[in-house]
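> Sequential numbering from 1 applies to the sequence shown in this note's numbering.
Please see the structure below; I have some questions.
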Amino acid sequence: MAHSHQPSVNLKAAAALLSCSVVVVFFVFWGATGEAAQPVYDNVKPLQCQIVASAVFPEIILAKEDPSVAHDVPVVLGGISDVTVEKALNDRGQFVIRVLTDRGPSRKIETARGKQRVFLNPSFVPTVLVFGVSGCSLDGSCGESKKLKINLQSRFSLQTPSGKVITGRSNGLEGDDSIANPSGEELLAPDVNGIDAEGCALLADGTFWLCEEYRPSILCCETDGTVTKRCIPEDVKLPLSDIQIVKNLPAHYAKRRANRGFESLALSPDESTIWVLMQSPFDNEAAERSGNVRILGCNPENGQPTSEFIYRLGDPAAADFLTGGVVPDDGKLCAMAAIGPKKLLVLEQSDDGDAKMYRCELDEATNVLDDDQDLDGVRNLSQVGVVPVKKTLVADLASLLPSFASDITAGQWQPEVDEQVAGLKLEGLAVLDSNHVVVVNDNDFNVDRLFDENEVSRRSCMWVLSLPQSL
């Protein structure tokens, strides 16, 4: 999910589940960073993470059932795609967070046209919600984690300058899935302004930027959710929009895999740069084998790209990490927060059950913004004169995943401590203060449970770990 005012750094990292979100504060070990002519891709052994506080998001109706639409369902808060700290933790144990939902509940079903994605509530619009959090007294105790209280303060949807709501429906361009009504019988009209919102970065003046997966694009928003500008890849055509369209992003971003566009957004603490991160390599086999993923830096005043770097999936401690790539099974970058002008925290997950947080340093990485080489499938980047982002392991969350799974399912899923746990969809990450962070999950609006009573119900939740050293 790198956002919020000065002390808030969005952790686009994160989690998924329906109506409860989990915030996590991690104990993280930060190794010393030495200056060297050649970057060192070291792997600092992290201290064990400890959950010190947690909460479940309340069940809030975001969209009512429409009786005139067959099989339409009400939408309860879920699908949380990012979290931002809006007001910093005070001495009374209170802080304020902002969360963002994605495009809304959907699934694929068999129809007369074959396999078809259906939107279960076509009237749903991506929503921003602001919550007050209390009970977060981080006294350093090592006992049972505290239970936080979460109260809704405000909510709003996104709109165009003319007042049209912005839905979660795709734009109807090449590469977009067709979408149907809940029964699958009729196709839904595309929305040229539609977005699948995934990341949020809040500036000190209350305006904010979003990133989304469809085009992919980044969007500039006023404090009330009015989208004033949408920056898209250079060669993409998006006619008839009443939002200002700026074709200033590198053309190769249009080569994203389906549902794998811009996943995370982060604002540097000095508000000089918006960092936006792809979820996965581009849509070709060579890129998937190399594990090369793009990070783009943009000017928050106008969305103009200023830099671009290569992030490599996998374990940086592996012997052939830099020369051959050690790509986990379907690795994906799910959340991000900025901790310095050119330093990021990135949450990397995979179908293998990996959930690792890396400190990423961009100072010594090669800026490839104006590089015309096809770098996405290159395994040994040194052969083409490119230094990727330096990654250092900060925290391996594997030992916490069973607890996360239990929280998300209200104890219905109790994995063993050493059991491989995958599919939790942590999708939001934010810095709470110099010693603590926040993480949330995406429960996919609990869709599986809605249609299969044998499936375990999933909630939206939050957890806390304290850092052994200040950020």
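C-beta atoms are modelled at their ideal positions from N, C-alpha and C, and glycine is treated no differently.
Please determine if the segment 202-209 and the segment 261-279 are in contact, where contact requires at least 3 C-beta pairs separated by less than 8 angstroms.
Contact holds: three or more Cβ-Cβ distances are below 8 angstroms.
> With a threshold of 6 angstroms on Cβ separation, who are the neighbours of Arg230 within its own chain once the five nearest residues in sequence on each side are excluded?
The residues are Ser217, Leu219, Ile243 and Ile245.
> Please classify Asp242: does DSSP put it in a helix, a strand, or coil?
Three-state result, Asp242: coil.
> For the segment 241-303, list the beta strand (DSSP E) runs that are entirely contained and at least 3 residues long, ordered along the chain.
Fully enclosed beta strand (DSSP E) runs of 3 or longer: 244-249, 262-267, 274-278 and 292-298.
> If you compare alpha carbons, which of Pro74, Asp235, Asn193 and Leu173 is closest to Thr228?
Answer by Cα proximity: Asn193.
> Measuring only the C-alpha atoms, how far is Ile109 from Ala88?
Rounded to whole angstroms, Ile109 to Ala88 spans 44 angstroms at the Cα level.
> What separation, rounded to the nearest whole angstrom, lies between the Cα atoms of Val83 and Val346?
Distance between the alpha carbons of Val83 and Val346: 14 angstroms.
> Excluding five sequence neighbours on each side, which residues of the same chain lie with their C-beta closer than 6 angstroms to the C-beta of Gly324?
Correct list, in chain order: Arg379.
> Considering Ser406, what are the terminal residues of the alpha helix (DSSP H) in which it resides?
Counting along the chain, the alpha helix (DSSP H) containing Ser406 begins and ends at Leu401 to Ile408.
> Which same chain residues, not among the five before or five after Ser457, have their C-beta less than 8 angstroms away from its C-beta?
Cβ neighbours of Ser457 beyond the five flanking positions: Leu18, Thr409, Ala410, Gln412, Asn446 and Arg449.
> Pick out the complete beta strand (DSSP E) segments inside the segment 142-177, 3 residues or longer, and give them in chain order.
Correct list: 149-157.
> Beta carbon of Tyr214, beta carbon of Ser170: below 7 angstroms?
Yes; because the gap between Cβ atoms is below 7 angstroms, this pair is in contact.
> If you run the structure through DSSP and keep just helix, strand and coil, what is Ala55?
Here Ala55 sits in strand by DSSP.
> Whole angstroms are fine: how far does the CA of Gly385 sit from the CA of Gly104?
When rounded, the distance between both Cα atoms is 42 angstroms.
> Does DSSP put Ser457 in a helix, in a strand, or in coil?
Coil.
> With the cut-off set at 7 angstroms, would you say Gly377 and Ala254 are in Cβ contact?
Contact: no.
> Tell me which residue opens and which closes the alpha helix (DSSP H) that Leu62 is part of.
Element bounds for Leu62: not the alpha helix (DSSP H) but the beta strand (DSSP E), Ile61 to Ala63.
> Is the separation between the beta-carbon of Pro182 and that of Asp66 shorter than 7 angstroms?
Their beta carbons are not under 7 angstroms apart, which means Pro182 does not touch Asp66 by this criterion.
> State yes or no: is the C-beta of Arg257 within less than 7 angstroms of the C-beta of Asp283?
Their beta carbons are under 7 angstroms apart, which means Arg257 touches Asp283 by this criterion.
> The beta strand (DSSP E) spanning Leu429 covers which residue range?
Segment Leu426 to Asp433, the beta strand (DSSP E) holding Leu429.
> Based on Cα-Cα distance, which residue from Ala338, Asn367 and Gly331 lies nearest to Asp433?
Of the candidates Ala338, Asn367 and Gly331, the one whose C-alpha sits nearest the C-alpha of Asp433 is Ala338.
> Please report the straight-line C-alpha distance between Lys342 and Lys115, rounded to a whole angstrom.
Between Lys342 and Lys115, the C-alpha separation is close to 43 angstroms.
> Buried or exposed, going by whether 16 or more other CB atoms sit within 10 Å of the CB of Gly331?
Under this definition Gly331 is a buried residue.
> With 16 as the cutoff for other CB atoms within 10 Å, does Ile97 come out buried or exposed?
Answer is buried; the Cβ neighbour count reaches 16.
> Rounded to whole angstroms, what is the Cα-Cα separation between Asp372 and Thr366?
If you take the alpha carbons of Asp372 and Thr366, they lie about 13 angstroms apart.
> Nearest to Val99 by alpha carbon, out of Asn90, Leu77 and Arg107?
Considering only alpha carbons, the answer is Leu77.
> Thinking C-beta only, is Ala63 closer than 7 angstroms to Asn121?
A contact, by the Cβ cut-off of 7 angstroms.
> Let me know if Asp452 comes out buried or exposed under the rule of 16 or more other beta-carbons within 10 Å of its beta-carbon.
By the 10 Å Cβ count, Asp452 comes out exposed.
> According to the neighbour-count rule (16 or more other Cβ atoms, all chains shown, within 10 Å of its Cβ), is Ser466 buried or exposed?
Ser466 is buried by the Cβ-count criterion.
> Need the endpoints of the beta strand (DSSP E) that Phe131 sits in, please.
Element bounds for Phe131: Thr127 to Ser134.
> Between the Cα of Ser264 and the Cα atoms of Asp91, Val464, Leu426 and His436, which residue gives the shortest distance?
Ser264 has its Cα closest to that of Leu426, out of Asp91, Val464, Leu426 and His436.
> Kindly identify the DSSP beta-bridge partner or partners of His436.
Paired residues: Asp433 and Ser466.
> Cutting at 8 angstroms between CB atoms, please list the residues of its own chain near Ser290, excluding the five before and the five after it.
Result list for Ser290: Pro281, Arg312, Gly325, Val327, Asp376, Gly377, Val378 and Arg379, in chain order.
> Which of the three DSSP states is assigned to Val73 in this structure?
Looking at Val73 - three-state DSSP - the assignment turns out to be coil, as it is neither helix nor strand.
> Inspect the beta-carbon positions of Leu400 and Cys136 and report whether they are closer than 7 angstroms.
It is not a contact, given that the beta carbons lie outside the stated cut-off.
> Can you say whether Gly163 is buried or exposed, counting buried as having 16 or more other CB atoms within 10 angstroms of its CB?
Its Cβ having fewer than 16 others within 10 Å, Gly163 is exposed.
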